[in-house]
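Residue numbers (our numbering): 2 to 126. Note that beta-carbon positions come from the ideal geometry of N, C-alpha and C, so glycine has one too. Below you'll find the structure, written out as structure tokens, and then a few comments.
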Amino acid sequence: MQVITPYCGHRRKTNLGHQTIALDDVDLANEPDIICHTQNSSSVAPLIDGFLKAGDNALTVKARYLLRDTIKVVGTSKLQPATLAIFYDDLVKPKTDGTGHTMRVCEKNGIPYFDQRVWFKWLEQ
2 MQVITPYCGH
12 RRKTNLGHQT
22 IALDDVDLAN
32 EPDIICHTQN
42 SSSVAPLIDG
52 FLKAGDNALT
62 VKARYLLRDT
72 IKVVGTSKLQ
82 PATLAIFYDD
92 LVKPKTDGTG
102 HTMRVCEKNG
112 IPYFDQRVWF
122 KWLEQ
């Protein structure tokens with residue numbers, strides 16, 4: 002299992018991934034598709050621009066998570082893109098927040114995905 006984290010050391014004690022890649026290890030200047038897909042999948046373009054110009058601050062901290070979520074779907078030059086995604090979504094307010102962003106990235110890139118309405122049924126069999 003590959004784990005993509007928003008910054009080095011994120012949840013290090015509970016990370017069970019075989020390979021961990023932190024956003025800090027991704028050269029965003031050489032990965033324009035990540036920026037493009039993140040900005041085009043929701044109304045966060047100003048947030049991403051602010052992060053790229055100023056780095057971390059109280060207004061841009063969410064950008065790291067959105068960029069990380071985009072990488073999970075589209076990959077990087079060193080990481081293959083996803084072929085399928087499985088989500089645990091808020092069924093009261095579906096496709097919102099970071100999970101909604103990641104689902105939109107999947108949709109715009111033709112990556113099939115399932116939420117718990119589907120995969121819970123797999124567990125019942």
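Starting from T84, trace the beta strand (DSSP E) both ways and give me its first and last residue.
-> Here T84 belongs to no beta strand (DSSP E), and DSSP marks it neither H nor E.
Report the partner residues of N23 according to the DSSP bridge assignment.
-> Residue identity differs from the one stated: residue 23 is Ala in this sequence, not Asn. Paired residue(s): T6.
Would you grab the beta carbon distance between A64 and V74 for me? Rounded to a whole angstrom, and I think it's under 8 Å.
-> At roughly 16 Å, the Cβ-Cβ gap does not stay under 8 Å, so A64 and V74 are not in contact.
Compute the distance between the beta-carbons of I22 and L68, then report whether it is under 8 Å.
-> If you check the CB distance, I22 and L68 do not come in under 8 Å.
If you drop the 5 nearest sequence neighbours on each side, which residues of the same chain put their C-beta closer than 8 Å to that of I35?
-> Hits under 8 Å: V27, L29, L68, T71, I72, V75, T77.
Can you grab the Cα-Cα spacing for the pair T6 / F121, in whole Å?
-> 26 Å
Find the nearest neighbour of K109 within the set N16, C9, H38, judged by alpha-carbon distance.
-> H38
C-alpha gap between L17 and Q3, whole angstroms = 9 Å
Inter-residue Cα distance where the pair is D90 and A55 = Approximately 31 Å, taken between the alpha carbons.
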